[in-house]
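2 protein chains.
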Amino acid sequence: MPFTTVDVVIFTVIEARLRVLLVQRPNVKDDPCPGLWALPGGFVDVDRDDSLEACARRKLLEKTAVVSPYLEQLGSWGGARRDPRGWSATHVYFALIPAEGLQLAKGANAAEVGWFEVDEVLGWPALAFDHAEILRAAVDRLRSKVEYTSLPAFLLEEPFTLPQLQRMYEVVLGRDVDKSGFRTRMLAAHFLEEAGYVAGHSNRPAMGYRLRDRTGPVVFPRTFSPRQ
Amino acid sequence: MPFTTVDVVIFTVIEARLRVLLVQRPNVKDDPCPGLWALPGGFVDVDRDDSLEACARRKLLEKTAVVSPYLEQLGSWGGARRDPRGWSATHVYFALIPAEGLQLAKGANAAEVGWFEVDEVLGWPALAFDHAEILRAAVDRLRSKVEYTSLPAFLLEEPFTLPQLQRMYEVVLGRDVDKSGFRTRMLAAHFLEEAGYVAGHSNRPAMGYRLRDRTGPVVFPRTFSPRQ
DNA sequence: AGAATAGTGTCTCTAAGACAGTATAAA
DNA sequence: TTTATACTGTCTTAGAGACACTATTCT
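Chains as they are written, first to last, in my numbering: chain A, 17 to 244; chain B, 17 to 244.
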């Protein structure tokens, strides 16, 4: 019988960079991947976890103390050789959380925890298990969904302004987005509601917005597609 | 420790209807859902299956004798109460196969196997386990992807004609599609290559096409969106 | 006044949608 | 010659993209 784990790919944006939470595995002999960086996760606890999603939520809460993030199932990876301990299957979720006021809790058996720039990590020689492949799938999914959904809104604390939201899009997509088109698109999709003016650090204050519906992103009928 | 299964939602189009393969569970006392219709699937065999996808492929081959279908991971469902035998997690794949020359093999422990109209099944009072929920998720995924990908091509044997492909779109979407726009869209996406004229039953022969790449569908930059 | 950021107006152009038309086969 | 299906052409229009413009705050 295969053993079952749940892993979570947690994204946030810090200092204008898309980052992912990684934990370092303990550098001891009996660990399957000693010393390597891994996605947070681990075994399902059949007594505490009522479902896979509940398990993912628990693991996310333990690491980041974030209660209600955006959480989406990414997929599952399973096979005979991905874990030296035997046939295993992991259910992977990915989460988007706002960076404001984040505090990391070191796990019991995790040597270190940190936020790493996604594009750097993708260039590393190895992550634990097949976590490099999983991370790549998560980044691909995120970048592709950002082209046609309102997902980046979940990277911001409410209320947020349209310029802030635009910056989230630009950070994730890795390219500039036209201001005017961006604004019409966001307002036309009707997923934002006004929440009063927010004073910035200086200069003209901007309108703050809240999501009408925090359960999921809105899907736009077209992708962002700059002319080449 | 949870136990691990793999289920497969197999779609095809027969007589202009989107259909799904279901198997009837044996009507015996020790079965968890006796007599109910279920998605084909079952336990992972750690000796025969090298990976989750290999397991799905095996189950599909056993039921339909189709060797290289379109196969995509749909998601996973796991929890304490979805199977009366205990905490379980299932990895679900969905497959698209052409209807031509299909032959069904009855499984060893399956009383009956059949192709059922999807919209009918969605109205049934119950399927085994949480398979009603899983089927709904699969249909939602399929219908939404059909709006912006070339997925319906995998419902046809090659070579196929553009009118045939259009019919697949119309069956899955449940609405008519404009011929002219459909053709420009398909040809502009450049995923088809000509394969000589195919004589229909009567009337003017149509150009046959093959997929340039059978590994996956092409993504269109916009969804089909008829004006309201 | 000047700088910085927020927000609007306008023009162009692509491609989708609607629909009428032409082309090629069989009966 | 009619019928059925395959395929093309043309017109309209929505909306994206580009970019210049105005508005409001702080220093």
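Heads up, the beta-carbon is just placed ideally off N, CA and C, and yes, glycines get one too.
query: Should A:S92 be flagged as near chain B, meaning a C-beta pair shorter than 8 Å?
result: By this cut-off, A:S92 is an interface position.
query: Using the C-alpha atoms, what's the distance from A:V187 back to A:K195?
result: Distance between the alpha carbons of A:K195 and A:V187: 14 Å.
- prompt: So what does DSSP say about B:Q244, is it helix, strand or coil?
  reply: Unreliable positioning characterises B:Q244 in this predicted model, as indicated by a pLDDT of 47, which lies under 50. The coordinate reading is nonetheless provided below. Taken through DSSP and simplified to helix, strand or coil, B:Q244 comes out as coil.
message: Under 7 Å: does the beta carbon of A:K45 sit that close to some heavy atom of the ligand GDP?
response: Of ligands this structure carries none, so the ligand GDP is not represented either.
query: Using the C-alpha atoms, what's the distance from B:F170 back to B:Q244?
result: In this predicted model, B:Q244 has a pLDDT of only 47, less than 50, meaning its place in the structure is not dependable; the value taken from the coordinates is given anyway. A direct Cα-Cα distance of roughly 29 Å separates B:Q244 from B:F170.
field: Nearest-angstrom Cα separation, counted from B:L55 out to B:Y109
entry: Roughly 11 Å between the two C-alpha positions.
task: Please compile the residues from chain B whose C-beta is within a distance smaller than 7 Å of the C-beta of A:W103.
output: By Cβ distance, chain B contributes V62.
field: Residues within the region 65-80 of chain B neighbouring chain A, beta-carbon criterion of under 7 Å
entry: Listed by position, the residues of the region 65-80 of chain B near chain A (Cβ gap below 7 Å) are D66, S67 and L68.
query: Quick one: Cα of B:R228 to Cα of B:L203, how far?
result: Their Cα atoms are separated by approximately 12 Å.
- prompt: What are the boundary residues of the beta strand (DSSP E) that A:R238 is part of?
  reply: Boundaries cannot be given for A:R238, as no beta strand (DSSP E) includes it and DSSP labels it neither H nor E.
- request: Could you spell out the range, first to last residue, of the alpha helix (DSSP H) harbouring A:H217?
  value: No alpha helix (DSSP H) contains A:H217, which DSSP labels as neither H nor E.
query: Taking the alpha-carbon positions, what's the A:I113 to A:E163 distance?
result: CA-CA distance, A:I113 to A:E163, rounds to 19 Å.
message: For the pair the region 144-159 of chain A and the region 92-107 of chain A, tell me if three or more CB-CB distances fall below 8 Å.
response: Result yes; three or more Cβ-Cβ pairs closer than 8 Å.
task: Using a Cβ-Cβ cut-off of 8 Å, state whether B:P18 counts as contacting chain A.
output: Chain A places a beta carbon closer than 8 Å to that of B:P18, counting this residue as a contact.
- prompt: Going by Cα to Cα distance, which pick from B:T80, B:R64 and B:R97 is closest to B:F27?
  reply: Checked all of B:T80, B:R64 and B:R97; the closest Cα to B:F27 is B:T80.
message: Assuming A:Q180 is part of the alpha helix (DSSP H), what are its boundary residues?
response: Note, A:Q180: alpha helix (DSSP H), L178 to L189.
Coarse secondary structure for A:L171, derived from DSSP in three states: Here A:L171 sits in helix by DSSP.
- prompt: Should A:I30 be labelled buried (16 or more other beta-carbon atoms within 10 Å of its own) or exposed?
  reply: So A:I30 ends up on the exposed side.
task: Could you check if B:K75 is buried or exposed, using at least 16 other CB atoms within 10 Å of its CB as the buried criterion?
output: It is buried - the Cβ of B:K75 has at least 16 other Cβ atoms within 10 Å.
- prompt: What residue range is occupied by the uninterrupted alpha helix (DSSP H) comprising A:T165?
  reply: Where A:T165 is concerned, there is no enclosing alpha helix (DSSP H), given that its DSSP letter is neither H nor E.
task: For A:L172, I'd like the list of residues in its chain whose CB is within less than 7 Å of its CB, leaving aside the five on either flank, ordered along the chain.
output: The answer, listed in chain order, is P114, Q180, L181 and M184.
query: Can you tell me the Cα-Cα spacing of A:R58 and B:A205, whole angstroms?
result: Here residue 58 of chain A is Gly; the residue named in the question, Arg, does not match the sequence. So the alpha carbons of these two residues sit roughly 42 Å apart.
Alpha-carbon spacing of B:C71 relative to B:P42, whole angstroms: Going from the Cα of B:C71 to the Cα of B:P42 covers about 22 Å.
- prompt: Are any of the Cβ atoms in chain B nearer than 8 Å to that of A:T239?
  reply: With 8 Å as the cut-off, A:T239 counts as an interface residue toward chain B.
task: Give the single residue among B:D47, B:P237 and B:L52 whose Cα lies nearest to the Cα of B:P141.
output: If we check each option's Cα against that of B:P141, B:L52 comes out closest.
message: Counting only C-beta atoms, is B:G51 closer than 8 Å to chain A at any point?
response: Chain A, which has no Cβ nearer than 8 Å to the Cβ of B:G51, makes this no.
task: Output the distance between the C-alpha atoms of B:T200 and B:S160, rounded to the nearest integer angstrom.
output: Each residue's alpha carbon lies about 21 Å from the other.
query: How would you list, in chain order, the residues of chain A whose beta-carbon sits under 7 Å from the beta-carbon of B:H107?
result: Against chain A, the beta carbon of B:H107 has neighbours under 7 Å at S92, G94 and A105, listed in chain order.
- request: State the beta-bridge partners of A:Q89 as determined by DSSP.
  value: BP columns for A:Q89 point to A:Y109.
- request: Taking A:Q89 as the query, report the chain B residues whose CB atoms sit under 8 Å from its CB, ordered along the chain.
  value: Ordered by position in chain B, the residues that pass the 8 Å Cβ test against A:Q89 are G91 and S92.
field: Cα-Cα separation between B:E209 and B:R101, rounded to whole angstroms
entry: Taking the straight line joining both Cα atoms gives about 50 Å.
message: Here's the rule I'm using: 16 or more other beta-carbon atoms within 10 Å means buried, otherwise exposed. How should B:Y213 be labelled?
response: Counting other Cβ atoms within 10 Å of its Cβ, B:Y213 stays below 16 and is therefore classed as exposed.
- prompt: To the nearest angstrom, how far is it from the Cα of B:C49 to the Cα of B:D23?
  reply: So the two alpha carbons sit approximately 15 Å from each other.
field: Runs of alpha helix (DSSP H) lying entirely within the region 38-94 of chain B, each at least 4 residues, in chain order
entry: Fully enclosed alpha helix (DSSP H) runs of 4 or longer: 68-80.
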